[in-house]
Amino acid sequence: MIFPHSLARPMSLHGRDVVSIRDLSREEIAGLLDSAKRMIPVAEGRRASPLLAGKIVAMAFVEPSTRTRLSFESAVQRLGGSCLTIADAGATSLRKGESLYDTIRMLSSYADAIVLRHPNEGAARLAARASDRPVINAGDGAGQHPTQTLLDLMTIRERFGTLAGLKVVLLGDLKYGRTVHSLAYALAEFGSEITLSSPESLRLPEEHRDDLRRQGAKVHDEPNLERAIRDADVLYVTRIQKERFPDESEYREVAGTYRVDARVLKEAKPQLIVMHPLPRVGEIAAEVDATPHAAYFRQAFLAVPVRMALLSAILDRSGRRP
Ligand code: NCD
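Residues 241 to 562 (this note's numbering) are what the sequence shown spells out, left to right.
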């Protein structure tokens, strides 16, 4: 069975940190996606739910964000909770040289959970050690982005009903893109076939390839986009992570080397969906938006029910251990 554990009652992950997608088992991921599905009417504002009433969630965003922070905030507020938000680290004592450890330690005495985005890989792990409240990683440098993966999986599952046996192309910056680092692992766990398509200098790093091999994943490289998508079900496009390049000239060499447009998609299967964690900065032409392939705005919406499901599982009042 693909999604083995369809829970009747909401999933409990009481008090747990989610730093990497590996912190969640397959059963837990499946349970979260099931409860996220039930939360869709709440995320749309059509039904009320007080699951987080009286809870405070801190949003510590030390790196730019639009969707991740606002969908977390929407999730908390739709469920009756409230947020303490750092949206601009320049306005906090981090600017005065306060350590991340101290900032998080203090925040954990003001809030019931902390959502952290930070430019350094490993920052969320450190924060989880500093905090006695659960920490959720909303992106740590080129490391991990586990909650993005949950909503990516939900988008695929909503369209195809399964992940097993699907052919998924990961396109773009596979070196620095944290979304694909988390997603590749999860796709392999659920039995998707993965095609890696990137400029040579942005190939998926060896450590991730080793993980995929250990998982027994079906993975291959196909740098040519037209060939890569020929019989694909999902095309997952990413932005080149300009801000992570140590040298701007290296960025200029690869900038603009791939673009998904109507011409490219002519060769695709009719059911192919195009996904992107967003923001896009030219990798997907606007003309794709009007085609049935475009799934990225639905994907952005599903961030809200997925983050509702995760927060309510972590802040679950029952005290039940998972
Ligand atoms: C991604 C990120 O921050 O890693 N954005 C997001 O969370 N939706 C992708 C990106 O910035 O390119």
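Backbone N, C-alpha and C define an ideal beta-carbon position, used for all residues, glycine too.
Residue i Cβ short of 7 Å to the ligand NCD heavy atom set
i	result
L272	no
G379	yes
R309	no
T395	no
P517	yes
Q481	yes
R499	no
T419	yes
Selection from the options that minimises the alpha carbon distance to residue i
i	options	result
M394	I554, V544, L551	V544
D501	E483, K482, G522	G522
T419	L253, G255, V259, M251	V259
L555	R286, I261, P290	P290
K458	R397, E284, A525, S432	S432
P517	M251, T389, G456, P439	T389
S322	D451, T387, K295, F312	K295
E493	Q455, G285, P439	P439
G381	A364, V375, F541	A364
DSSP-derived helix/strand/coil call for residue i
i	result
I524	strand
S246	With a pLDDT of only 39 at S246, under the threshold of 50, the placement of this residue in the model should not be trusted; the figure read from the coordinates follows. Coil, per DSSP.
A553	helix
V477	strand
R373	coil
T497	coil
R560	In this predicted model, R560 has a pLDDT of only 46, less than 50, meaning its place in the structure is not dependable; the value taken from the coordinates is given anyway. Coil, per DSSP.
M241	Annotation note: pLDDT 35 at M241 (below 50); position unreliable, no value reported.
A276	helix
R357	strand
G271	helix
S260	coil
D471	coil
L423	helix
G217	Residue numbering for the chain in the displayed model covers 241 to 562; residue 217 lies beyond these limits and cannot be assessed.
L210	With the chain running from 241 to 562 in the structure shown, residue 210 is simply not present.
E447	helix
Cβ neighbours of residue i in the same chain (closer than 8 Å, five flanking residues each side left out)
i	result
E466	V504, E507
E527	D501, A502
A535	T395, R399, I513, V514, M515
Same chain only: Cβ atoms within 7 Å of residue i, ignoring 5 sequence neighbours per side
i	result
Y498	L411, G412, L465, E523
R373	S348, A351, D352, A353, I354
F485	Y491
Neighbourhood of residue i by C-beta distance below 6 Å, restricted to the same chain and skipping five residues each side
i	result
R278	none
A468	V409, T435, S437, E462
Touch test, the stretch 272 to 279 against the stretch 337 to 347, Cβ-Cβ under 8 Å, three pairs minimum: With a cut-off of 8 Å, the stretch 337 to 347 and the stretch 272 to 279 do not count as touching, because too few Cβ pairs lie within range.
Inter-stretch contact at 8 Å, needing at least 3 Cβ pairs: the stretch 412 to 424 / the stretch 302 to 312: no
Segment contact flag, the stretch 313 to 333 with the stretch 260 to 267, C-beta cutoff 8 Å, min 3 pairs: no
The stretch 439 to 450 contacting the stretch 409 to 423, beta-carbon criterion three pairs below 8 Å: They touch, by the three-pair rule.
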